[in-house]
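Protein chains in written order, with the numbering used here: chain A, 1 to 362; chain B, 1001 to 1395.
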C-alpha cells in the first residue's frame, strides 16, 4: 500500500513539473500577445530555457547520481558549435527553420553524449572525486580545441582544420567557426516555443530516468555504493547512463543557445558558466528537479530584473548579496522551522484539526 | 527543500514588483523640451563588471564627459545617455540592448557600443533587424559591420591595424626580417597578426618567425622569444595587450635579445597603470589613435573632466573613442533636417546615409577629419609613437 502511494506521489510530482512549464509558457505567450512583456524580459526567455535545461541535466549527475561535475559548460559548448555547424550546413537541405533547429539540437545532443561517453567511460569506474577533476579539465580542453578550430562548409561538404590559411572553400562556401573569433553569423533559429519544448523533453527524460529501474539503481549507488554493488548493480554502467544522458541534454541546450545569437565564442562556455549552472542546482536543491528548474529561471532572470532599478554599478553586487541571502536563509534552522510551521498551518490544517478535535472530545 | 523555492520566489516577486513600480513613474516627454531642443537617447552597452570591466568603464566615462559637454552647449540636440552592463558576454549584451529599447520606448534611440567584439557582433545583428543606428567605440572585428548598413566603428579594425603596421615597417625600412608573437586564443590578436603576416609577405618583408601562445595568463615566453631570436628577427610584432608584452620584452632583454618591438593599440594605457614598470617597455613602438599627453585644449579639458569622473584614473583610447563617438553622433544629428519628427528607424536610415555619404567628417581626440567607409569602417590615420622615459614621443 505504502509503495503504491509513493509511486503515485512521484508521478504526480512529475505532472506538476510539466504543468508548471506549460502554464508558464501559456502565461508568457498571453502576456507577449497583449504587449505586456518588456523587450528585456522577452530576450531572456530562450537563454533562460537553456539554463533551465542545463540545471535539470546537471542535477542528474550531481543530485541523482551523486558525482560532482565541474565541466558541464563543456558539453554545452560541444552542442552549441556542432549545432551551429549543422544548422548552417543544412541550410539548403532543410529550408524549414523549426525542423532545422530540431535537427541541430539532435546533433548537438549527439555530440554532447559523445563527449560525455569519452569522459565518463574511464572516469566513472573510479571512486572519489575523479569526475570533478576530469570534467574540470574537459571544460578547458574543449574551450582550447574550439579556439583553434576553423570550420567551413561548401558544396563539397564540411571542412575542418586548425589553420585559417588551410581553410579554402569553394565558391559559395561559408566559414562557420573561425578559431578565436568563434561562430559568427549563425542563423537565429531559436524560439521560445523551441525552448519550452526542449525543457519538456528534458523533464520527460530526466523524470522517467529517475523513476525507472535504472534510476533506482543510480539512486542506490549514490546512497551506498558498496551495498548496491553487493546486490549486483554494475556501478560504472549506471553512473555512465546518468552522465551521458546529462551530457546529451546539455548538448541540446547548447545548440539552442548557440542558435539564439549571431555570435558564439568558446570562451563563453568557461569554468564560470559551469559553476553558474552548479549554483542553480545547489540552490534549487540537490536531486530536486523542480527546484533546479525554478532556481535557474529566477537566478538567470534576476540580474535583468535588477536593471529596472537605477543602481547601475551595484547591480551585480546586489545579485551576489541576494545569492548569499538565499543560501543563508534556506539553510537557517530557525527560519526553516518558522516557514515549516507556516506551511503546516496553511496546508495541513485539516489533519491537524481532526487530531485536535479528537483531543477536545476526550 | 521547499523553503528555498519559497524564499527565492518571494524575493523575486518583490523585485519584479519593484521593477513594475519603477516603470510606472518614468513618463517623460522625450522630444522637444521647453527650449526647443530635440532629445536623442543614447543607449550604451559594455562590460561594467567582470574581467573586461576596465574597458567598458572607460567607454562609459569617456562618453559621459562628452555628453555633459554637449548638453552644456545648449545646441539644437540634447543627448540623454544611459549605459547598461553586458559583463562582456553575448547573451547579457542582447538583454542589455533590449532593456535599452524598453528604456527608450518610442523616443529615437541610438545604440552606442558594444565595447567588446563578440557581444557587439550579436547586438549589431539585432540592431540591423530592428533598425537602430549603432556606433561602437572599440569593437574592432570586421564581423561587427559586415553586411550591416547601420553599424559603424570608431576604432580601427584588427586586420586594418595589421595592414597599417606592415606598411609602416616597409615604408620606414626599420627592419627586413620580422617575427610575430601573438595570442591565438584572442580574436583581436589573431585578426591583427594574420593580416600583418599576409601584408608583410605581400610587401616583400621576410616573416621569419610566427609564434603563438594560448592565453594572456601565460607568464613564460622564453620559447617564443628564443624562436624569434634564433630566426634572426630584427623586429618583433606584438599584436597583443601590454601585460604579456612587457613580460616578453623583459624576457628578451634577459636573454640578450634586443630587436625593435612593435605593438598595436592594445598596448595603449599601460603607462597609466599604477606600479607598471615603464622601463620594461622602453623603446617600444606602438600604434595608437590617442595620446593622453596631447597638449591641445580640447584634450586637456577632456582629461581633467575624465579624471573627475574616474577618481584620478587617466583616460585611455577606449575613453577617447567613446568621447569621439558622442561628438560624431551629435554633429551628425545636427546636420539632419526634420529630426524632431524622426523615430529610431528613420533616424537610423538618415544617420547611416550621412555617415556613408562621404561628405561627413568629424574632428575628435583620436583623429581629425574622421570619415566612414561604406563598410562601416572608420577612415583615420594611425599614429605611431615610441615609449621613452615613461611617455610617448615621435619615433
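The beta carbon of each residue, even a glycine, is placed where N, CA and C say it ideally should be.
Fair warning: this is a prediction, and the values are worked out from it, not measured in the lab.
Residue 1269/B and residue 1239/B look like a contact to me (Cβ under 8 Å); what is the Cβ gap, rounded to whole Å?
-> Locating residue 1269/B in the second chain gives position 269, counting from the first residue. Locating residue 1239/B in the second chain gives position 239, counting from the first residue. Going by Cβ atoms, the distance from residue 1269/B to residue 1239/B rounds to 16 Å, so no, they are not a contact pair.
Quick one: does residue 1098/B have its CB under 7 Å from some CB of chain A?
-> Against the second chain, residue 1098/B aligns to sequence position 98. It does: the Cβ of residue 1098/B has a partner Cβ on chain A nearer than 7 Å.
At least one CB of chain B closer than 7 Å to the CB of residue 44/A: is that the case?
-> The residue given as residue 44/A occupies position 44 in the first chain. True, the Cβ-Cβ gap to chain B drops below 7 Å.
Partners in chain B for residue 54/A, counting only beta-carbon separations shorter than 8 Å = The residue labelled residue 54/A in the question sits at position 54 within the first chain. Result: empty, since nearest Cβ-Cβ is about 13 Å, beyond 8 Å.
Own chain partners of residue 1031/B with C-beta closer than 7 Å, once the 5 adjacent residues on each side are dropped | Start at 1 with the first residue of the second chain, and residue 1031/B comes out as number 31. Residue placement at residue 1031/B is poorly supported in this model, since its pLDDT is 46, which falls under 50; the coordinates are not used for a value here.
Name the residues in the stretch 1173-1191 of chain B whose C-beta lies less than 9 Å from a C-beta of chain A; which are they?
-> Per Cβ criterion, the list reads 1183, 1184, 1185, 1186, 1187, 1188, 1189, 1190, 1191.
Going along chain B, which residues have a C-beta under 8 Å from residue 82/A?
-> Along the first chain, one-based indexing puts residue 82/A at 82. Neighbours of residue 82/A on chain B: none; closest Cβ ~18 Å, over 8 Å.
In chain A, which residues lie less than 9 Å from residue 1049/B when you measure between Cβ atoms?
-> For the purposes of this step, residue 1049/B is identified with residue 49 of the second chain, where counting begins at 1. Annotation: Cβ neighbours of residue 1049/B in chain A (cutoff 9 Å, chain order): 313, 315, 316, 317.
If you count every other CB in all the chains shown that lies within 10 Å of the CB of residue 34/A, and 16 or more means buried, which is it?
-> Position 34 of the first chain, counted from the start, is the residue given in the question as residue 34/A. By the neighbour-count criterion, in which 16 or more other beta carbons inside 10 Å mark a residue as buried, residue 34/A falls on the exposed side.
Under the three-state DSSP convention, the category residue 175/A falls into | Here the question's residue 175/A lines up with position 175 in the first chain. In the structure shown, residue 175/A sits in a strand (DSSP, three-state: E or B).
Mind pulling the alpha helix (DSSP H) runs of 4 or more residues that sit fully within the stretch 1122-1208 of chain B?
-> List check, alpha helix (DSSP H) in window: 1158-1172, 1187-1202.
Can a CB atom of chain B be found closer than 7 Å to the CB of residue 304/A?
-> On the first chain, residue 304/A is found 304 positions in, with the first residue counted as 1. Against chain B, the CB of residue 304/A has a partner CB under 7 Å away; the residue lies at that interface.
So is residue 1101/B in contact with chain A if we call contact Cβ pairs under 7 Å?
-> Residue numbering aside, residue 1101/B sits at position 101 when the second chain is read from its first letter. Among the residues facing chain A, residue 1101/B is included, as its CB has a counterpart in that chain under 7 Å away.
What residues in its chain sit with their C-beta under 6 Å from that of residue 1382/B, if we drop five residues either side in the sequence?
-> Position 382 of the second chain, counting from 1, holds the residue named residue 1382/B. Setting aside the 5 residues that flank it on each side, residue 1382/B is surrounded in the same chain by 1164, 1287, each with a C-beta closer than 6 Å to its C-beta; the list follows chain order.
Whose CA, out of 130/A, 52/A, 263/A, lies closest to the CA of residue 1093/B?
-> One-based indexing of the second chain puts residue 1093/B at position 93. That would be 263/A, whose Cα lies nearest to the Cα of residue 1093/B.
Mapping DSSP to helix, strand and coil, what is residue 314/A?
-> One-based indexing of the first chain puts residue 314/A at position 314. DSSP places residue 314/A in the helix class (H, G or I) of the three-state scheme.
Quick check: the stretch 1320-1336 of chain B against the stretch 1167-1175 of chain B, are there 3 or more CB pairs under 8 Å?
-> Contact between the stretch 1320-1336 of chain B and the stretch 1167-1175 of chain B is absent: fewer than three C-beta pairs spanning the two stretches fall below 8 Å.
Start-to-end residues for the alpha helix (DSSP H) that takes in residue 1070/B = In the second chain, counting from the first residue as 1, residue 1070/B sits at position 70. Element bounds for residue 1070/B: 1053-1072.
Name the residue from 260/A, 270/A, 202/A whose alpha carbon lies nearest to the alpha carbon of residue 247/A.
-> Here residue 247/A is taken as the residue at index 247 of the first chain, counted from 1. If we check each option's Cα against that of residue 247/A, 202/A comes out closest.
Assuming residue 1262/B contacts residue 1235/B under a Cβ cut-off of 8 Å, what Cβ separation, rounded to an integer in Å, is found between them?
-> Translated into the one-based positions of the second chain, residue 1262/B becomes position 262. Translated into the one-based positions of the second chain, residue 1235/B becomes position 235. At roughly 6 Å, the Cβ-Cβ gap stays under 8 Å, so residue 1262/B and residue 1235/B are in contact.
Is the Cβ-Cβ distance between residue 176/A and residue 88/A less than 7 Å?
-> Counting from 1 along the first chain, the entry for residue 176/A is found at position 176. Counting from 1 along the first chain, the entry for residue 88/A is found at position 88. Yes, Cβ-Cβ distance for residue 176/A and residue 88/A is below 7 Å.
When DSSP labels each residue in this structure, what does residue 183/A get in the three-state scheme?
-> Position 183 of the first chain holds residue 183/A. For residue 183/A, the secondary structure class from DSSP, reduced to helix, strand or coil, is strand.
Chain B contacts from the stretch 252-268 of chain A (Cβ-Cβ distance under 9 Å) = For the stretch 252-268 of chain A, the set of positions with a beta-carbon nearer than 9 Å to some beta-carbon of chain B reads 257, 260, 261, 262, 263, 264, 265, 266, 267, 268 in chain order.
Residue 63/A versus chain B: which residues are under 7 Å apart at the beta carbon?
-> Residue numbering aside, residue 63/A sits at position 63 when the first chain is read from its first letter. Result: empty, since nearest Cβ-Cβ is about 13 Å, beyond 7 Å.
Among all the DSSP beta bridges, which residues are the ones paired with residue 1084/B?
-> Along the second chain, read from residue 1 onward, the residue named residue 1084/B stands at position 84. BP columns for residue 1084/B point to 1045/B.
Can you name the residues of chain B whose CB is closer than 7 Å to the CB of residue 241/A?
-> For the purposes of this step, residue 241/A is identified with residue 241 of the first chain, where counting begins at 1. In chain order: nothing, as chain B lies at least about 27 Å away.
Inter-residue Cα distance where the pair is residue 59/A and residue 1155/B = Here the question's residue 59/A lines up with position 59 in the first chain. Here the question's residue 1155/B lines up with position 155 in the second chain. Here the alpha carbons of residue 1155/B and residue 59/A stand approximately 45 Å from one another.
Buried versus exposed call for residue 1064/B [16 or more other C-beta atoms within 10 Å across all chains shown] | Start at 1 with the first residue of the second chain, and residue 1064/B comes out as number 64. Buried, because 16 or more other Cβ atoms sit within 10 Å of the Cβ of residue 1064/B.
Neighbourhood of residue 1219/B by C-beta distance below 8 Å, restricted to the same chain and skipping five residues each side | Taking the second chain and counting its residues from 1, one reaches residue 1219/B at position 219. Counting only residues of its own chain and dropping the five nearest sequence neighbours on each side, residue 1219/B has a CB closer than 8 Å to the CB of 1247.
Test item: CB-CB of residue 169/A and residue 195/A under 7 Å = Locating residue 169/A in the first chain gives position 169, counting from the first residue. Locating residue 195/A in the first chain gives position 195, counting from the first residue. No Cβ-Cβ contact shorter than 7 Å links residue 169/A with residue 195/A.
Can you pull the DSSP bridge partners for residue 1361/B?
-> Within the second chain, numbered from 1, the residue matching residue 1361/B stands at position 361. In DSSP, residue 1361/B forms no bridge with anything.
Cross-strand partners of residue 1394/B (DSSP beta bridge) = Counted from its first residue, the second chain places residue 1394/B at position 394. Beta-bridge analysis with DSSP links residue 1394/B to no other residue.
Closest to residue 1140/B by CA distance: which of 1130/B, 1191/B, 1123/B, 1147/B is it?
-> Position 140 of the second chain, counted from the start, is the residue given in the question as residue 1140/B. Minimum Cα distance to residue 1140/B is reached at 1191/B.
Taking only beta-carbon atoms, is residue 1321/B less than 7 Å away from chain A?
-> Within the second chain, residue 1321/B is the residue found at index 321, counting from 1. With its beta carbon at least 7 Å from every one in chain A, residue 1321/B lies outside the interface.
Looking at chain C, which residues of the stretch 1135-1156 of chain B have a Cβ within less than 7 Å of any of its Cβ atoms?
-> Going by chain labels, chain C is absent from the structure shown, which instead holds the protein chains A and B.
Count the other CB atoms within 10 Å of the CB of residue 314/A; is the residue buried (16 or more) or exposed (fewer)?
-> If you number the first chain from 1, residue 314/A lands on position 314. Looking at its Cβ environment, which holds fewer than 16 other Cβ atoms inside 10 Å, residue 314/A is exposed.
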